[in-house]
Structures are given as structure tokens and as C-alpha cells.
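**Student:** Protein chains in written order, with our numbering: chain G, 1 to 435; chain E, 1001 to 1617.
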Amino acid sequence: MAAPLVLALLVAVTVRAVLFRSSLADFISERVEVVSPLNSWKRVVEGLALLDLGVSPYSGDLFHETPLIIYLFHFLIDYAELVFMITDALTAVALYLAVQDFNKAMFQKQKLQLELNKYAPDTTELLLTPLDMYYIPLKVAVFYLLNPYTMLACVAKSTCAINNTILAFFILATVKGNAILSAIFLALATFQSLYPLTLFAPALLYLLQKEYIPVKLKSQNFWLYTSQYSVMYLGSLGVLVCLCFFLLHSWDFIPSVYSFILSVPDLTPNIGLFWYFFAEMFEHFSLFFVCVFQINVFFYTIPLAVKLKEHPMFLMFVQLAIICIFKSYPTVGDISLYMAFLPLWSHLCRFLRNIFIVSCVLVVCSLLFPVLWHLWIYAGSANSNFYYAITLSFNVGQILLVSDYFYAYLRREYHLTHGLYLRRKDGTEATLVLK
Amino acid sequence: MGLLSDPSRRRALSQLITRLNTPLCIMSYIVGLAWFFGLSFQPFTLRTYISENAMGSTMVEEQFMHGDRALSYAREFAGFKKKMGGMPVAWLEKTMRTLGLEVYTQSFTRILPFPDETTERYMVKGTNVYGILRAPRAASTESLVLSVPCSEGDSNSQALGLMLALASYFRGQIYWAKDIIFLVNEYDLIGMEAWLEAYHNVNITGMKSSVMMGRAGAIQAAVSLEISSDVITSLDIAVEGLNGQLPNLDMVNLFSAFCQKNGLLCTIQGKLPRGDWDSFSTYLHSLETTMLMVLKQGSGRPQGDHGLFLRYHIEAITMRGINSFRQYKYDMSTIGKTLEGMFRKLNNLLERLHQSYFFYLLPSLSRFVSIGMYMPAFGCLILILVLKSLDLWMKLTKSESVEEDGVTDTEQESKPGNGILSLVAPVVICHATGLSLYYLPIMGQHLATEHFPVSESEAVVLTVIAIYVAGLALPHNTHRVLTGAGTERGWMMLKLISLLYLAVQLGCIVLINFSLGFLLAVTMVPVAAAVQPVGPRVLYAVLLIVVTPATTLFFSIFLYKELNEYPLSVLECWQLFLQAIAGGMLDHYLYGSIVFPFIAFFVYPCWLQLWNIVFWK
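See the structure below:
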């Protein structure tokens, strides 16, 4: 299995190297869909220049990355292209290993359930088979490496690729059951972009499951483990923050990174939902609506965690997607991470209802972004409404994709316990309806 | 989402799509076409009106009356031009300076990728001369442009004379709030491109030009003037710019308003406006005008020197003086008055023209069709592709025998992944052909001239045609390398991909250039929806050849000449066809027109995929 992975890595690196050398690289690194004010490479270079001059990189209003990134590239600036190719490769390998492990766990769980006769008798065709699962890790890696979105992010040298690597390592550590590493990587990811905070819930649930600790509010074990994990998480977060303070000798980075993420002052158009809305709004309402918009990311975690507490990996996937849709400065690089998980759920295919339409919508919207941008900014014949309309439909497409997978997942679980062929009380065939 | 999540309704909807697919497709094609033809029917169109407030009320009184001075300038210029055998730069500089303008020159050189035979250009070396009239009432932050191309031969000296007379008259007025640039550009579009690139300090097309010394702020609007006779019978307006971009409709309104005020006869596409709308012949007349506009816009070629301004966010039109056999003639003073009025109105602008429409079709100068009106026609055509691909998708998932409700047994013969892998070869081959269509002709021209008795430009055009035709003979059964034999599912999958691909392409191009997208959609969509490797394959193949972009170009030229009341024989049409190919490529390399690369990279490969389907075994 290693050989195809290496081949995929080689292909991916070659394509990236070619793109880096082509004239497209400049064009791509300017696209608002690919870089946001948070992760644009131009701004990182600017921050580095300020640092070299002995000025705080946060003194202007350009640089909004964390101090870690700037110190990383302080040493690696000459090898930036290489760094981004390597981070992509690392992400893919981490995802590969994580999915491999997760598949094993899932298969064992299924075996256990079968032995306990938890499944309805006529559901054999719903069960996972080793043959189907054999290629899934490879597919996940390939989906990440050869996804055009990933390539765009890599070629634009968007630091989003580094965040993805951290998240992938976090997932790997969680799946391997290593609580301390998982907490450290989660703290790193949170430190980098704040929103992975919500991944605390799925990680905790996964680790609890791994330790065979039931999720009960009255159980002592549960609270013990939870507090352990949170202490590890908060501890490493504290260490990171202090580390950055000692590196820079100032707290400048806190407002410059986190309030920049939370209060959304930069309204450059992107593929998110924020910019248009706040560009149109009267100033004195904006605080209220910022709160409303930001709550979206965090709000769904609790109901989803309650509903999916037995399936933390799926919760992780849904949560990643939600972060990507509702975060304040989304880029296509964020999408590529959760899209990499789609092959993992290929057993849900038969329950997906709108996958064809949704994928068409996503493809069409991605292609219309540059067209409408051209019409708006260069030709001057269209306006921001055209671009925002596409942004909206792109996000609606993403939401439909996630909810379709969510529905399919619940439906499969239902069929596994209740049998595939449902009968009504009068004996006719019944169908499940989501309302 | 009730419609999509309720299984029984979903089933009803999918049955509707599969059972009634062909009638629905035919109906939407007819509706689309009818809608388009209905656009020229006068009751369905809107009257044009000036929506920019700053240009609204007519408070301007024109006082220009130096028509004879314009003519004397024109004669002097023509004399010097003849003597110099080119543009008399020194004379222009001297004359403009005596008029009180700040005069600058800008020299440029451009080597064409291959010799242009129609205008006999290969290495172009020229000079643009421009004079700036500084506005007394404002800092030089905004400006207007009046440009006159200095073409070869005798033509256009009257326009230059009028420009100089206007400059001298404008110089004496005190109300200017925007600088006015009087520009004489050599080698028409190439010179214009050089000037614009230097003015905005960008280099897009590989033009070499001298540093520009004088600027006058952001250009708000531009008018390009072409007059080649002492008196004219009517003024024609050209709006279509590079890549089918159009100026703000207010520019057109401004032109027609002032023509009416001065009693000038004004035309669009060379067609006179007609008063009555209830007769069939009037409908045909405005349909012809619309069709001419669609064909010109679809070509993506600038229809005058104004066409290059549009890319820089500058609203611009070209005004052409026509001298035909009509009784009533207008002299230079009247045209000068019209221009004076237009410039004074533009001078009043407080912000860029943005109030009115940017996407429109003009059935006549006083009527327009906006984007909201014409897009449904295209939407109906695209709907065919969507319906057909939905139908194919359902058939594909059915044969995998998973019902849409998910609750049925699976008996998979071949895995869907396998089917997709076998399609990689044909898709890659089609795109490689497209790439070679784009790159080979220019790269191989010298090789071709060494071995064959042809000139460079002939070599380029013939190579394009050769590669285009050779694409048809490419191996069509490459998909069999992997599977051994083509399956029913294989061609359905390929067709599904091609249909979606075509829909996306057309959807993108129609936003940039409606006419191009619509012309391609009208021809390609029905055949693309119909082709399959079973049934009358020869008929499908013939139909495909009839709708290939090259044939569409051929018929478009024919139609264009027919509408201009200048019928052609097939041989002449063929000549024009060859010229159009060379012209299209030059437009791409010189000005950045996207039509040629769009056809080569996207439409042609997609068409080849459809061709592949017909010969699927």
C-alpha cells in the first residue's frame, strides 16, 4: 500500500513544482478565494520584513498571523516553496495513517456489534467489508493531494496549508489514542486559527471511546478524563501563548490575531458570508451581528455532539465543515481538508440524495468566482452583488453537502438497527422521511 | 427542500425528467429561440433614457462654428502626410503647441507573432502624439479623451482636422473641470493599445514603448472619431469592444440625444431607425440590427478604436461619419457642435458612468434589451443540457441499481470507479489536441515556411485548420486500453461529463460575452444533447460537423455579409474565413482577446469528446 501513496505524493509534488514555476503562481497568489488577510503570503513576508527591522510585526495593520509562523519562516523563508510542498505531503500522510487506523477501529467495532447481535438481520449489504475499506486511506490521501483547492492553496503559499497539517496531526494523534499529543496539536490549531476550539468535543469523545469510558454525566471516570484532557489542552495553550510573549516581548499579537478573527474588520471579498453583510451594515449594529455570525461556528457543536456522541469521527468531519463554512475568513484551503474525508464515508453513497446536484453546484460556483470577479473588478460591468450571489450559492452548496452526509449517516445507523426493509404496520413498504 | 427530501415527490420529479426528457428538451430549445427572436419585437423592449443625473437636463448650448477651419486643418494635414509618407509627427506637435496644448509623443514598437497580410504589418514602429488641455477649474485628476486614428492612405484626415479645430475652440472656454486629451494614434488599434498600456503603466501584451511623460489623471470617458469626407450624411456609432465588452448605455444615450438635438441622422450597425413598429418589416429590420450586434459582439473583436478603452474601465464609443447618396448633408460645424455638447455633458460628470446598463443588446438606437430580458433565452438552452445530464445520471445510477431511495439490492457488474478511469484517456487526448491547436501553429510557422511554398500567415492559418481537422481522425477507442471493450456505461459517463463541461463553459462565457455564448449554445447544445453511439450515427456525425465552432464561424461570416446586404459567393466566404482565423489569433496575441484560446482550450476539446461518443465502440 505504500507504493501507491508514494506515487501519489510524487505526482502531487510534481504538479505543485510545475505550478510554482509557471506564470499562474502570481495570479493564484492574488486570488481572494485562495488567500485571506489572515493567511496571505504577501503579508507574512511583510511581517518578516518588519521583524528584521526590529519593529513589531503587528505594528501595522497588515500582518495577522501568529508569531509561531513568523518565527518558522524567519529560518525557512528561502525554502518557502519546499516548506509548503512538505506540509501538504505531511498532511496527506497523516490523514492516510489516521484513516487506516480509524478503519481498523471501525471494523472491529462492527465485528463486536455483530457478535452481540446488535444489528438487524437483513443488513448484511450495509456492512463494511475489508475489500471496500482497503483503498479508502489511499483515496483520502489522493483526495487531499490532488484536490485543486489544495493545490491552489499550496501554490499561493497560503499559511492555511500549515493549519491543515496541524489539524491532520491532531486527528492522527486522536485516532491513535494519544491524549497528550492530541491536546498539544489541538492547542496549536486553536492558537493558529481559534476556530478549532470546537474540535475539542469530538476529540474528547473519541478518546473516551478509545478508553471505553461511557459518556455519562454521573460517571466519575468521565469527569476525571475530561478534566485531564482539558488541563492538558489549556496547559499547552498557555505555554504557547507565553512562548509567543517571550519571543516578542509584547502582547500585541493577541488583538492583532484574535480580535481580527472575531471582530472581522477586514471586509475584502472572499468566499465567506461575512464581507458583504458587514460592508452593507450601519456601524452601530455591527457588534450585534458579529456576535450572531460568530455564534454559528460554535453553536452547532453541542447539539451535534449530543446526537453523534457514538460517532466522534463523523462529528469531527461535520465540525470541520461547519468551521469552514461559517468562519470569518474562509479560503478554499479549508474546504480541501474536510473534502479529503469524503471517501471515508463512501459507504453512505446509497443514502446520499442530492450529491450530483450539490457537486455540480460546487464546481460551477468555483468556476464562476473568477469570472464574476473579473466582471466586477476589471471590466466594471458587474458589481459586488453578482459576486456575493455566487458566494451564497457556494455556501448553500456546502451546507447541502454536509447535511446530505449527515442525513445519510443517521439513516444508515437507523437501518442497521431496524433492518433495511422497513414495513409499516399494515405490511406495505415504508420509507423514511426527513422533515 | 420538501421537494427534494420527500421520496414520493422525488420519484414523481425524476419520472417526469426521464419520461418526458426529449419533449422537454425540444420545448425548451424552441422557447429559448423564440424568446431570443422576440427580443427584437418592439413592444418587448424598453426605451432608452439617460439615467446619469449629472447628464440629465439639457442646459448646454453649443457654439462651435469653425467647420471651415477644421477643413483647412484637414487639408494641411493630408498634404503633410502625403509628403512625409506617414504620420507628420513634427507638424502635429507644432500645430498642437500653437493651439496651447501640452504636447507629448510616445513611440512604440511591436513585432507581430506572424505577419498580418490584410494590413501588411509585421514589425510595427510608430508614434502617438497627444496634447493635453489642462482644465482651468480643477487639478488634473480626471480627464476625457478624444482620439483620432491616423490611418494609412488618405482617410480620416477630416476627423483630425475637426479634432484640432475643436481643441482650439475648447481652449478658449472656461468651464472645463476635466482635462481633455487629444490623441492621434498611429496604426489604429496597436497604437491605441500601446498608448493605453503606457498611460496606465502596465504591460500586458509585450509592447515596447517609450516612457510616457504627460498624464492627466483617471480617464473618465473617451470618444474615437472617424470621418473621411468633408460632409457627411449620417453618423454611425460602434459600441462593441474587446471580448464583447460594451460601454455604459448612457454613452450611447448621450450620443443619440445630441444627434437628435442637432438634427443629425444617426445609425447603429449602419441601420437607420424606423418610426413605426407595428409592421412586420420593421420587426425584421430591428431583428437584423440585433443580429448584426450579436455577430459583432460574438467575434470579440473591437469594432473601433474605442474597444480597447473598455478594458481599463473607461467608457468609450467610436463615432463614424458616413457619406452616402442621401440628399441632405451635414457639415463639420454640426458634427463639431454634437461633439462639443457631448464633451460638455461628460465634463459635468461627478463620478464614473455607472447608473445605466452595461449588459444590453440594441435593436435600434432608441430601444434596448437588458440582461434580465435576454438571459432567459440562454437559460432555456442551458436547461436542455441540465435536463439531459440529469436523465443520464439517473440512468447511470439505475443501472447500478440503487434506487433513489437507497433501499434496493445492488448487483454491480462494473464498478463506477473503473468506468471513470477508462475515460481519462479520451478526455486527455481531446485536451492535448486543444493545446496543440493553440501552441503549434505559432511555434511551427518557420518550419512550415521552410518546407512548403507558403507565407508565414498562410502557414499559421493552414496549420490551425489542419490540426482542427486532424482532431477528428484521432484514435477514438482509447478507452478500450483499460477495459478491453467500451461499455454502455462508458459512453454515458463520457456524455454526462461532456454535457456538464459544455454547460459550465457556456455559462462562464455568456457572462463575459453574451453573444459568443449564445451563438455557441444555439448551435452546439441540441446536437450535444442528441448524440449517442446507437441509432443514425452518420447523421449524428454530420450534425456534429455542422455545429463545430469552425463551421459556426463560417456561417456567421456568411450571415454577417448577408445582413449587411453584401452577399458573398462561397469562395469569397472561404477567403474571409481564412482571414477571420488569422485575425482572431492576432486579436488574441496583440490585444488579449479570449475567443481563440477559449475555443482552443475548452470548446474544441469538448466538441471532440462529443465526436468520440459518436464513434464509441
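A virtual CB, placed ideally from N, CA and C, is assigned to each residue, including glycine.
Computed from a predicted structure; not experimentally measured.
#1: Going by DSSP, what residue range makes up the alpha helix (DSSP H) through D1068 of chain E?
#2: At a Cβ threshold of 8 angstroms, is V1527 of chain E touching chain G?
#3: Can you pull the DSSP bridge partners for V1089 of chain E?
#4: Could you please give me the residues that DSSP links to Q1579 of chain E through a beta bridge?
#5: Between I1497 of chain E and chain G, is there a C-beta pair that is closer than 8 angstroms?
#6: Kindly say whether I1512 of chain E, judged by its beta-carbon, lies nearer than 8 angstroms to any beta-carbon of chain G.
#7: Expressed to the nearest angstrom, what Euclidean distance is found between the alpha-carbon atoms of F987 of chain E and L1544 of chain E?
#8: Do V264 of chain G and V292 of chain G have their C-beta atoms closer together than 8 angstroms?
#9: Just verifying my parser: in three-state terms, what is the DSSP assignment at A1135 of chain E?
#10: For a contact defined as C-beta to C-beta under 7 angstroms, what are the partners of G1507 of chain E on chain G?
#11: Which of the residues in the stretch 1305-1338 of chain E, read from start to end, lie with their CB under 8 angstroms from any CB of chain G?
#12: How is the beta strand (DSSP E) around T1552 of chain E delimited, first residue to last?
#13: Looking at the structure shown, is D404 of chain G part of a helix, part of a strand, or coil, going by DSSP?
#14: Could you tell me the distance, in whole angstroms, from the CA atom of L1619 of chain E to the CA atom of I1232 of chain E?
#15: Where do the ends of the beta strand (DSSP E) carrying L10 of chain G lie?
#16: Does E1102 of chain E come out as helix, strand or coil in the three-state DSSP assignment?
#17: Taking CB distances under 8 angstroms as the criterion, tell me whether C360 of chain G reaches chain B.
#18: Check P1605 of chain E in the structure and name its three-state DSSP category.
#19: Do A12 of chain G and D78 of chain G have their beta-carbon atoms positioned less than 8 angstroms apart in this structure?
#20: For L1016 of chain E, would you say it is in contact with chain G, using Cβ-to-Cβ distances shorter than 8 angstroms as the test?
#21: Cutting at 8 angstroms between CB atoms, please list the residues of its own chain near Y1049 of chain E, excluding the five before and the five after it.
#22: What does W1393 of chain E reach in chain G if we use C-beta pairs closer than 7 angstroms?
#23: Where does M106 of chain G sit, in a helix, a strand or coil, going by DSSP?
#24: Given 8 angstroms as the limit, is there contact between the stretch 1383-1399 of chain E and the stretch 1008-1017 of chain E, that is, 3 or more CB pairs closer than that?
#25: Is T14 of chain G close to chain E? Criterion is C-beta to C-beta, closer than 8 angstroms.
#26: For M1212 of chain E and Y1199 of chain E, which I take to be in contact (beta-carbon distance under 8 angstroms), what is that distance rounded to the nearest angstrom?
#27: Looking only at its own chain, which residues have a Cβ that is under 6 angstroms from the Cβ of A956 of chain E, when we skip the five neighbours before and after it?
#28: Along the stretch 380-404 of chain G, what residues have a CB closer than 7 angstroms to any CB found in chain E?
#29: Assuming M1293 of chain E and L1353 of chain E make a contact with CB atoms under 8 angstroms, what is their CB distance in whole Å?
#30: Have a look at S1436 of chain E and N296 of chain G and give me their C-alpha separation to the nearest angstrom.
#31: Counting pairs of Cβ atoms below 8 angstroms between the stretch 1546-1566 of chain E and the stretch 1497-1513 of chain E, do you hit three or more?
#32: Counting only beta-carbon separations shorter than 8 angstroms, does V1148 of chain E have a partner in chain G?
#33: Count Cβ pairs between the stretch 1129-1147 of chain E and the stretch 1211-1230 of chain E that sit closer than 8 angstroms; are there 3 or more?
#34: Applying the 10 Å Cβ sphere with the 16-neighbour rule, what's the burial state of C242 of chain G?
#35: Please identify, using Cβ separations under 8 angstroms, the residues of the stretch 1232-1258 of chain E that lie next to chain G, in order along the chain.
#36: Take the Cβ of D132 of chain G as the centre, count every other Cβ of all protein chains shown within 10 Å, and call the residue buried at 16 or more, exposed below.
**Tutor:** Let me lay it out:
#1: Counting from 1 along the second sequence, the entry for residue 1068 of chain E is found at position 68. Judged by DSSP secondary structure, D1068 of chain E falls within the alpha helix (DSSP H) whose first and last residues are G1067 to M1084.
#2: What you label residue 1527 of chain E is simply residue 527 of the second sequence in a count that begins at 1. No, its Cβ sits nowhere closer than 8 angstroms to a Cβ of chain G.
#3: Stepping through the second sequence from its first residue, residue 1089 of chain E is reached at position 89. DSSP lists no partner for V1089 of chain E.
#4: Taking the second sequence and counting its residues from 1, one reaches residue 1579 of chain E at position 579. Checking the DSSP bridge columns, you'll see Q1579 of chain E has no partner listed.
#5: Walking along the second sequence from the start, residue 1497 of chain E turns up at place 497. Closer than 8 angstroms: no.
#6: One-based indexing of the second sequence puts residue 1512 of chain E at position 512. Between I1512 of chain E and chain G, the shortest Cβ-Cβ separation is below 8 angstroms.
#7: No answer is possible for residue 987 of chain E: it lies beyond the span of chain E, which begins at 1001 and ends at 1617.
#8: Position 264 of the first sequence, counted from the first residue, corresponds to residue 264 of chain G. Position 292 of the first sequence, counted from the first residue, corresponds to residue 292 of chain G. When the beta-carbon positions are compared, V264 of chain G and V292 of chain G stay at least 8 angstroms from each other.
#9: If you number the second sequence from 1, residue 1135 of chain E lands on position 135. Three-state DSSP puts A1135 of chain E in coil, outside helix and strand.
#10: Translated into the one-based positions of the second sequence, residue 1507 of chain E becomes position 507. Those are V364, listed as they occur along chain G.
#11: Using a CB distance below 8 angstroms, the part of the stretch 1305-1338 of chain E facing chain G consists of L1310, R1311 and H1313, ordered along the chain.
#12: Taking the first residue of the second sequence as 1, we reach residue 1552 of chain E at position 552. Where T1552 of chain E is concerned, there is no enclosing beta strand (DSSP E), although the alpha helix (DSSP H) it sits in stretches over P1549 to L1563.
#13: Within the first sequence, the letter at position 404 stands for residue 404 of chain G. If DSSP states are grouped into helix, strand and coil, D404 of chain G belongs with the helices.
#14: Past the edges of chain E, shown from 1001 to 1617, lies residue 1619 of chain E, and the structure says nothing about it.
#15: What you label residue 10 of chain G is simply residue 10 of the first sequence in a count that begins at 1. Unbroken run through L10 of chain G is the alpha helix (DSSP H), A2 to R21; no beta strand (DSSP E).
#16: Residue numbering aside, residue 1102 of chain E sits at position 102 when the second sequence is read from its first letter. It is a strand residue.
#17: Here the protein chains are G and E, and chain B is not one of them.
#18: As a working mapping, residue 1605 of chain E is identified with position 605 in the second sequence. Helix at P1605 of chain E.
#19: Reading the first sequence from its first residue, position 78 is the one you call residue 78 of chain G. Reading the first sequence from its first residue, position 12 is the one you call residue 12 of chain G. Not in contact: D78 of chain G and A12 of chain G (Cβ atoms no closer than 8 angstroms).
#20: As a working mapping, residue 1016 of chain E is identified with position 16 in the second sequence. With 8 angstroms as the cut-off, L1016 of chain E does not count as an interface residue toward chain G.
#21: Looking up residue 1049 of chain E in the second sequence gives position 49. By the criterion of a C-beta distance shorter than 8 angstroms, Y1049 of chain E is surrounded in its chain by N1253, once the five residues flanking it on both sides are discounted.
#22: For the purposes of this step, residue 1393 of chain E is taken as the residue at position 393 of the second sequence. Simply F356.
#23: For the purposes of this step, residue 106 of chain G is identified with residue 106 of the first sequence, where counting begins at 1. Look at M106 of chain G here: in three-state DSSP terms it is helix.
#24: Yes, since at least three Cβ pairs between the stretch 1383-1399 of chain E and the stretch 1008-1017 of chain E fall closer than 8 angstroms, the two stretches touch.
#25: The sequence position of residue 14 of chain G within the first sequence is 14, counting from 1. For T14 of chain G, the answer is no, since every Cβ of chain E falls outside 8 angstroms of its Cβ.
#26: Here residue 1212 of chain E refers to the residue found at position 212 when the second sequence is read from its first residue. Here residue 1199 of chain E refers to the residue found at position 199 when the second sequence is read from its first residue. Between M1212 of chain E and Y1199 of chain E the beta-carbon gap is near 6 angstroms, inside 8 angstroms, which marks them as a contact.
#27: Nothing about residue 956 of chain E can be reported from this structure: the residues present for chain E run from 1001 to 1617 only.
#28: Taking 7 angstroms as the cut-off between beta carbons, the residues of the stretch 380-404 of chain G near chain E are G380 and S381, in sequence order.
#29: For the purposes of this step, residue 1293 of chain E is identified with residue 293 of the second sequence, where counting begins at 1. For the purposes of this step, residue 1353 of chain E is identified with residue 353 of the second sequence, where counting begins at 1. Contact between M1293 of chain E and L1353 of chain E is absent: CB atoms are separated by about 20 angstroms, not below the 8 angstroms threshold.
#30: Taking the first residue of the second sequence as position 1, residue 1436 of chain E is located at position 436. Taking the first residue of the first sequence as position 1, residue 296 of chain G is located at position 296. Taking the straight line from one Cα to the other gives about 50 angstroms.
#31: Counting Cβ pairs under 8 angstroms, fewer than three are found: no touch.
#32: Taking the first residue of the second sequence as position 1, residue 1148 of chain E is located at position 148. No, because no Cβ of chain G sits closer than 8 angstroms to the Cβ of V1148 of chain E.
#33: Taking a contact to require three or more Cβ pairs closer than 8 angstroms, the stretch 1129-1147 of chain E and the stretch 1211-1230 of chain E qualify as touching.
#34: Numbered from its first residue, the first sequence carries residue 242 of chain G at position 242. Under a 10 Å Cβ-count criterion, C242 of chain G is classified as exposed, with fewer than 16 other Cβ atoms of the shown protein chains found around its own Cβ.
#35: Cβ contacts with chain G come from Q1245 and L1246.
#36: Position 132 of the first sequence, counted from the start, is the residue given in the question as residue 132 of chain G. Exposed is the call here.
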